[in-house]
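This report concerns only the one structure given below.
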Amino acid sequence: MNSIHLRIPLVTTLAIGSSLAASCAWATNGMSMEAYGARAGGMGGAAMAYDAGNSAVMSNPATLSTLKDGAHRVGVGLTILGPDVKSTGPAEFGSPSTKSDGTSYLMPSISYMTRSGKFTYGAAMLAQGGMGTEYGQAGPGDLFFAGKTAFGATDPDGLGTGVAKLSGREVRSEVGFGRIMAPLAYQVNNQLSIAGQLDFVWATMDIQMDVDGATFADMAFNNNPNVDFGNATGSMIDAFGGAVQGGMVNDVSWARFDFSDNSDFSGEASGTGFAGKLGIFYKVDKKLAIGAAYHTVTQISDLKTSNATVSFGGSGMAFAGGPIDVSGKIDIVDFEWPATLGIGASYQLNKQWMFAGDIRQLFWAEAMKNFQVKFTADANQANPAAANFAGTSVTANFKQDWDDQTVVSLGAQYKPIPKLALRAGVNLSNNPVPDAYLNALFPAIVENHYMAGVGYAFNPNNKIGMALSYAPEVEATNSQNGVTSTHSQLTWRMNYVHSF
């Protein structure tokens, strides 16, 4: 094998050390969708200061007071999220490339709102986000095929000393967030409305992820001062260190977290909790309105599953029977959705033209400092080779250090006839993910979106809406390993609304 092929896995698979955290990273405005509902989805996501329909439960619930007294409104919707993600190693090492097959994620919603006197209330259920990656089983030349060993002591696969294949097993990730929301809006007077809302939140997660031996050793034993993806501590690490010192382990090729139910609509690990929203909506005059809302950080239990595996591959007597699979349970610790503050305005120029704009601040810095995975091995292990790890635990902390994010949404609506609404808008944001911790598995680096939509009223009681959002390809490079990730996205939104 020539030197350039030898060095490909040495550099590119350093990305795997940070890619575990990617499995919980979504990719629109960081982890947040750029818009909710077809109406806002055609107007850059702006929805703080006009009637955005029942989807106001995800922006400013105070605007629900625009519903007429005695009216009932039912809405159903579907969002189809289509990311296009690719990660490529440095050109000097042959630019090995991996493309995700996870290109379509379905997000349904259903809602009911009614107004009685000054109060508007109801319920809504929404798949807040659903995304992940589907890399399958890596082959030669793939970014996830091989990597550095922990101690650079062996050549187990004929790839060169200190280089080894990874597990060769399925590599995938999937995360879902959902909410059931109960808003209550109150119209104080003809100009002012206020609202409060309680959200029941659930989150699910799958991870099937290899970590190369060098990254495992760096996190567990601080072997490499040139990289810092986080740390791994616990009695399992102590047991592993004892096996190394005792001569049972000569080298480690890879370590692996694995928990997945292989469903497109749920995840193996799950947790539930609550969050809240406060909103205000004020009509300055017949044309101008302003609105603001605050969404609290979620309070979700740790995401848990008792059907998980941590595995190791390497060389030495401990691996005489092949890779060691340790069964146990997983806890994803303190995985929360961040607080959000938004303010916006709308201006009804005339019967045909309406303009809207919002500014939102997403407080990622507090919610995304670290991604923490705790594994506790079962007391009884089916695999005899895993007996020394029975009852032990390991906590892996993957650094994130995201920045807070400012999002600007601008949109316009034009009605050439009363039944037809044409919409267009832009959604502008910065990338909250630091280059040092940009992951190869799923980079949440999308910045700007360009949006268009249409709404049509068949009659006063039945309306449909559709919108398209396009995020042009962006590119970023991990400053620790030189792996470049690209990401573009196409999102479709469709809604049907029935009023009675």
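Counting from 20, one number per residue, gives the positions in the sequence shown under my numbering.
Cβ atoms here follow ideal geometry from the backbone N, Cα and C, with glycine treated the same way.
For methionine 267, no alpha helix (DSSP H) segment is defined, and its DSSP state is neither H nor E. C-alpha of aspartate 423 to C-alpha of methionine 67: approximately 20 Å in a straight line.
Here the segment 224–234 makes no contact with the segment 203–213; the two share fewer than three CB pairs at distances below 8 Å. Annotation: tyrosine 475 to histidine 517 spans about 12 Å, alpha carbon to alpha carbon. For the pair serine 116 and serine 498, the Cα-to-Cα distance works out to about 17 Å.
When rounded, the separation of the alpha-carbon atoms in histidine 91 and proline 342 is 60 Å. Within the segment 324–386, the beta strand (DSSP E) runs of at least 3 residues that lie entirely inside it are, in chain order, 343–352, 359–367, 372–381. Less than 8 Å divides the Cβ of glutamine 432 from the Cβ of methionine 373. Within its own chain, the residues whose Cβ lies closer than 6 Å to the Cβ of tyrosine 489, once the five positions on either side in sequence are excluded, are Tyr469, Leu509, listed in chain order. Checking the DSSP bridge columns, you'll see valine 207 has no partner listed. Looking from the CA of alanine 258, the closest CA among Gly363, Pro159, Ser504, Ala396 belongs to Ala396. CA-to-CA, the gap between glycine 166 and proline 159 works out to about 12 Å. Taking all protein chains in view, the Cβ of serine 279 is crowded by 16 or more other Cβ atoms within 10 Å, so the residue is classified as buried.
By the Cβ criterion, the segment 181–195 is not in contact with the segment 248–268, since fewer than three pairs of Cβ atoms, one from each stretch, lie closer than 8 Å.
Pairing asparagine 446 with glutamate 53 gives a Cβ-Cβ distance under 8 Å. The C-beta of phenylalanine 408 has 16 or more other C-beta atoms within 10 Å across all chains shown, which makes the residue buried.
The three-state reading of DSSP puts phenylalanine 196 in strand, counting E and B together. For threonine 234, the enclosing alpha helix (DSSP H) starts and ends at 232–240. Rounded to whole angstroms, valine 413 and phenylalanine 394 show a C-alpha spacing of 5 Å. In the three-state DSSP reduction, leucine 217 falls in the strand class (E or B).
Between the C-alpha atoms of asparagine 402 and threonine 328 there is a straight-line separation of about 12 Å. The Cβ neighbour count for glutamate 193, taken over all protein chains shown within 10 Å, is at least 16; the residue is labelled buried.
Between leucine 297 and alanine 312, the CB-CB gap stays under 8 Å. Assignment of valine 93 by DSSP, reduced to helix, strand and coil, places it in the strand class.
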